[in-house]
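Single-structure report; data block below.
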Amino acid sequence: MDAVHPRVLGWLGRALSLELTAVQQYMTQASLVELWGDDDAASRFRQETVEEMRHAEAIVQRMLTLGVAPAASQLRPVAHAGDLAGLLHHDLRLEADLIELYADAVRFCVLIGDSENRTFFSGLLDDEQHHARDLDAWLLQLGVSGSLHDAHARATF
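The sequence shown: position 124 = 134 (our numbering), numbered continuously.
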């Protein structure tokens, strides 16, 4: 196995922290909106929790494959709001941070010719862009404007 660039390992560590932050946030939000009586939103947040857990697991597996012990350095506190639209805006910002991280990682891997890790980060980038579009659509269903354009602007090549 070739040596992996330390910056790639750094992105993997930050990605694990952000994905676990997303798990914690979506799980908490599922319970919160359930308390509000919104079972449909709770179900959607639980689905997002599972998706983000899959991402975290993929990152752990990638790190182990590269011979690195997985360690999430810091989880962000759960973002809260008084209504569903406020929660979704927080989620969209978190997804934008993930999109930015993965886009930066992909660009760097292209720069150093690391196609294996580029492919890995590209898959996560695609998933997070899809999540952001879904959140934006959900906000629009609620009659509220999202900030998806900010997320895409930060992740363009």
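Positions of the beta carbon are idealized from the N, C-alpha and C atoms, including for glycine. Here the structure is a predicted model, which means the values were calculated and not measured.
Going by the CB atoms, is the gap between residue j and residue i shorter than 8 Å?
i, j, result
"P80", "L26", "yes"
"L85", "L30", "yes"
"L152", "L94", "yes"
"L104", "A32", "yes"
"V18", "D137", "no"
"L111", "A142", "no"
Check residue i in the structure and name its three-state DSSP category.
i, result
"A106", "helix"
"Q139", "helix"
"P87", "coil"
"P80", "coil"
"W21", "helix"
"H65", "helix"
"G153", "coil"
"G133", "helix"
Can you grab the Cα-Cα spacing for the pair residue i / residue j, in whole Å?
i, j, result
"R168", "Q35", "Residue numbering for the chain in the displayed model covers 11 to 167; residue 168 lies beyond these limits and cannot be assessed."
"Q139", "I109", "6 Å"
"L45", "V60", "20 Å"
"V43", "P16", "40 Å"
"D50", "N127", "36 Å"
"A113", "G92", "32 Å"
"T166", "D107", "At T166 the pLDDT is 37, less than 50, meaning the model places this residue with poor confidence; the figure from the coordinates comes in the next sentence. When rounded, the distance between both Cα atoms is 13 Å."
Taking all protein chains shown into account, decide if residue i is buried (16 or more other Cβ within 10 angstroms of its Cβ) or exposed.
i, result
"R117", "exposed"
"R72", "buried"
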